[in-house]
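Add 352 to the 1-based position in the sequence shown for the numbering used here, that's all there is to it. For each residue, glycine too, the CB sits at the ideal point set by N, CA and C. Quick caveat, the model's predicted, so the values are computed rather than measured.
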Amino acid sequence: MTMFKEEENGRAQRFSLHGHWSSRIAFILAVTGSAVGLGNVWKFPYIVGENGGGAFVLVYLVCVVSIGLPVMMAEILIGRRGRRNPVATMALLGEEEGSSRQWKWLGLMGVTAGVLILSYYSVIAGWTLAYIPKSLSGVFTGASAERVEAIYNEFTGNWLSLTIAHTIFMASTVLVVARGVERGLEQAVRFMVPALLLLMLVLLGYAITAGDFAAGVKFMFATDFNTLTWDGVLQAMGQAFFTLSLGMGAVMAYGAYLPEETSISGASASVVFADTLIAILAGLVIFPLVFANNLDPAEGPGLVFVTLPLVFGQMSGGIFVATVFFVLLSFAAWTSALGLVEPGVAWVVERFGRTRLQAAVMVGGAIWLAGLGTVLSFNVLSDVVFLRGTIYQNIDYLTSNIMLPLGGLLTIIFAGWVMCRNSTSEELGGAGSIYRIWRFLARFVAPAAILVVFLRAVGVIG
Ligand code: PFF
Numbered sequence: 353m354t355m356f357k358e359e360e361n362g363r364a365q366r367f368s369l370h371g372h373w374s375s376r377i378a379f380i381l382a383v384t385g386s387a388v389g390l391g392n393v394w395k396f397p398y399i400v401g402e403n404g405g406g407a408f409v410l411v412y413l414v415c416v417v418s419i420g421l422p423v424m425m426a427e428i429l430i431g432r433r434g435r436r437n438p439v440a441t442m443a444l445l446g447e448e449e450g451s452s453r454q455w456k457w458l459g460l461m462g463v464t465a466g467v468l469i470l471s472y473y474s475v476i477a478g479w480t481l482a483y484i485p486k487s488l489s490g491v492f493t494g495a496s497a498e499r500v501e502a503i504y505n506e507f508t509g510n511w512l513s514l515t516i517a518h519t520i521f522m523a524s525t526v527l528v529v530a531r532g533v534e535r536g537l538e539q540a541v542r543f544m545v546p547a548l549l550l551l552m553l554v555l556l557g558y559a560i561t562a563g564d565f566a567a568g569v570k571f572m573f574a575t576d577f578n579t580l581t582w583d584g585v586l587q588a589m590g591q592a593f594f595t596l597s598l599g600m601g602a603v604m605a606y607g608a609y610l611p612e613e614t615s616i617s618g619a620s621a622s623v624v625f626a627d628t629l630i631a632i633l634a635g636l637v638i639f640p641l642v643f644a645n646n647l648d649p650a651e652g653p654g655l656v657f658v659t660l661p662l663v664f665g666q667m668s669g670g671i672f673v674a675t676v677f678f679v680l681l682s683f684a685a686w687t688s689a690l691g692l693v694e695p696g697v698a699w700v701v702e703r704f705g706r707t708r709l710q711a712a713v714m715v716g717g718a719i720w721l722a723g724l725g726t727v728l729s730f731n732v733l734s735d736v737v738f739l740r741g742t743i744y745q746n747i748d749y750l751t752s753n754i755m756l757p758l759g760g761l762l763t764i765i766f767a768g769w770v771m772c773r774n775s776t777s778e779e780l781g782g783a784g785s786i787y788r789i790w791r792f793l794a795r796f797v798a799p800a801a802i803l804v805v806f807l808r809a810v811g812v813i814g
């Protein structure tokens with residue numbers, strides 16, 4: 353059955369194709385699975401490092417609470433009200449709320465952002481896959497910092513290895529998306545998120561004893577605003593969107609399968625809490641080890657792939673811990689990748705009347721091809737820099753710092769200003785104090801904050 357027919361037939365059919373979340377906790381796990389990924393463990397530490405630490409972390413946390421949380425609630429409530437894929441939902445609600453079907457463009461921007469993000473996300477996820485056999489082989493055991501760095505440079509310098517790893521990751525994502533296995537996804541996340549949390553706590557114990565914990569904590573939490581530029585503030589805001597999977601319709605798509613009675617604010621708060629906890633833990637594990645081993649916190653995308661293997665190589669049972677870690681991180685990346693590709697697949701099925709398999713192969717193929725740009729950014733084309741840097745850096749900047757905040761801004765404006773009060777309060781469980789706080793954040797605080805950061809970062813306002 354194609355999604356096209358299913359869309360025409362509306363909600364009942366849609367439920368029968370995808371199923372709906374078996375419980376409140378299943379929904380929370382699925383959104384958490386999309387939120388928790390490379391963004392927490394790989395990206396967060398490296399951009400904190402590049403932006404000088406504490407002040408960046410503080411801005412990030414403020415963005416998560418004052419922008420991320422209300423935008424997440426907005427996306428879920430829009431998704432649940434529309435009960436369709438993000439493009440169709442935005443068109444439908446735009447009309448229903450007396451505005452315009454042109455809001456579909458917001459959905460389409462989300463589809464595009466998902467495709468662009470996954471093009472590089474898959475490459476980095478390929479690194480985590482490749483680090484599983486590397487860990488198992490014991491190459492990190494007792495290795496020096498120079499050796500671990502050399503292994504990383506050798507690996508990323510080889511475009512063929514990166515392409516193979518990227519291909520394996522993309523192929524497995526396409527397979528799962530094509531078959532639409534929500535059941536399997538639910539089970540994977542149910543196990544993966546708690547396991548990752550547990551492993552991070554074990555590593556934290558190690559970082560406290562073997563790392564320079566005081567220096568790490570100081571770097572993460574001592575706020576020196578002199579080190580932070582407006583571009584850094586934009587990056588912190590972009591990271592808040594990225595890590596919570598917001599601004600591109602992924603959470604909206606998941607919200608479409610949410611039962612009426614589930615509390616949106618409660619579910620959102622749980623996801624935001626779990627996601628933030630894992631990111632902060634990742635920082636608290638990585639920075640003490642960076643300082644104890646005289647590594648550079650501003651090392652960039654390789655930070656996690658150098659710091660952690662170095663430490664795994666020094667601990668007893670390190671081969672086991674390293675393998676488990678990269679397996680879990682690959683799982684985390686994979687559950688996030690499903691969220692990134694789903695809006696695109698749903699859209700192709702509906703717009704071009706394709707089967708799910710055809711759509712997954714088409715969208716996945718395009719993403720794979722675009723991913724080669726990122727593959728080459730780390731080797732053959734590493735010297736080709738323009739605008740914001742390499743091809744990878746440009747795709748990253750465009751998506752995280754422009755498309756996601758813009759998508760989030762339009763989403764929150766839609767929920768706060770276009771949708772009528774009755775619609776939103778119905779979805780958010782009545783006009784109590786939580787609703788009033790949400791509406792205030794959604795109408796004033798979040799849009800103003802996003803706009804100001806945007807305009808200052810591009811230098812429109814001084
Ligand atoms: N939130 C994911 C992460 O932090 O790794 C990335 C992501 C997944 C972004 C899914 C957007 C999305 F729809």
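Let me check understanding here. Comparing Cα to Cα, which of 582, 669 and 497 lies closest to residue 648? 497
Measuring CB to CB, does residue 481 end up less than 7 Å from residue 682? yes
Any contact between the region 419-435 and the region 595-609? By contact I mean 3 or more CB pairs, one from each, below 8 Å. yes
Cβ pair count under 8 Å reaching 3, the region 572-583 against the region 673-688: no
Reduced DSSP category for residue 738 - H, G, I as helix; E, B as strand; rest coil: strand
Option nearest residue 748 by Cα separation, candidates 732, 723, 760 and 635: 723
Closest to residue 754 by C-alpha separation, out of 521, 469 and 711, would be which residue? 469
Report back the beta-carbon spacing between residue 420 and residue 593 to the nearest angstrom; my notes put them in contact at under 8 Å. 7 Å
Starting from the Cα of residue 529, find the closest Cα among 770, 741, 763 and 688 and give me that residue. 688
Using C-beta distances below 6 Å, list every residue in its chain close to residue 638, excluding the 5 sequence neighbours before and after it, in chain order. 397 and 659
Consult DSSP for residue 437 and reduce its assignment to one of helix, strand or coil. coil
Could you tell me the distance, in whole angstroms, from the CA atom of residue 487 to the CA atom of residue 800? 47 Å
Where residue 398 falls: helix, strand or coil (DSSP): helix
Quick check: the region 444-456 against the region 624-635, are at least 3 beta-carbon pairs closer than 8 Å? no
For residue 410 and residue 710, what's the separation of their Cα atoms in angstroms? 44 Å
Do residue 390 and ligand 1 come close, with the Cβ less than 6 Å from some heavy atom? yes
Close Cβ partners of residue 692 (< 6 Å) along its chain, the five nearest in sequence each way excluded: 466, 469 and 470
Exposed unless 16 or more other CB atoms sit within 10 angstroms - verdict on residue 699: buried
Between which residues of its own chain and residue 391 is the CB-CB distance below 6 Å, once the five residues before and five after are set aside? 594 and 595
Could you have a look at residue 360 and say whether DSSP puts it in helix, strand or coil? With a pLDDT of only 40 at residue 360, under the threshold of 50, the placement of this residue in the model should not be trusted; the figure read from the coordinates follows. Residue 360: helix per DSSP, three-state reduction.
Would the region 652-669 count as touching the region 549-562 if we require 3 or more Cβ pairs under 8 Å? yes
Who are the near neighbours of residue 764 in its chain, counting only those whose CB is closer than 7 Å to its CB and skipping five residues on each side? 422, 423, 426, 794, 798 and 799
Residue from 769, 702 and 416 whose Cα sits closest to the Cα of residue 587: 416
Rounded to whole angstroms, what's the CA-CA distance from residue 772 to residue 449? Just pull it up for me. 7 Å
If you measure between the beta carbons of residue 626 and residue 384, is that distance less than 7 Å? yes
Flag this pair as yes or no: are the beta carbons of residue 697 and residue 713 separated by less than 7 Å? no
To the nearest angstrom, report how far apart residue 727 and residue 525 are at their CA atoms. 18 Å
Report the option in 517, 522, 483 and 518 whose CA atom is closest to the CA atom of residue 503. 483
So is the beta-carbon of residue 604 under 6 Å away from any non-hydrogen atom of ligand 2? Only ligand 1 can be found as ligands here, which leaves ligand 2 out of the picture.
So residue 661 packs on residue 543, CB below 8 Å; how close in whole Å? Contact doesn't hold; Cβ gap of about 24 Å is too wide.
Take the Cβ of residue 591 as the centre, count every other Cβ of all protein chains shown within 10 Å, and call the residue buried at 16 or more, exposed below. buried
Report the option in 707, 538, 781 and 741 whose CA atom is closest to the CA atom of residue 690. 538
State buried or exposed for residue 436, treating a residue as buried only when at least 16 other CB atoms are found within 10 Å of its CB. buried
Mapping the DSSP letters down to three states, classify residue 618 as helix, strand or coil. helix
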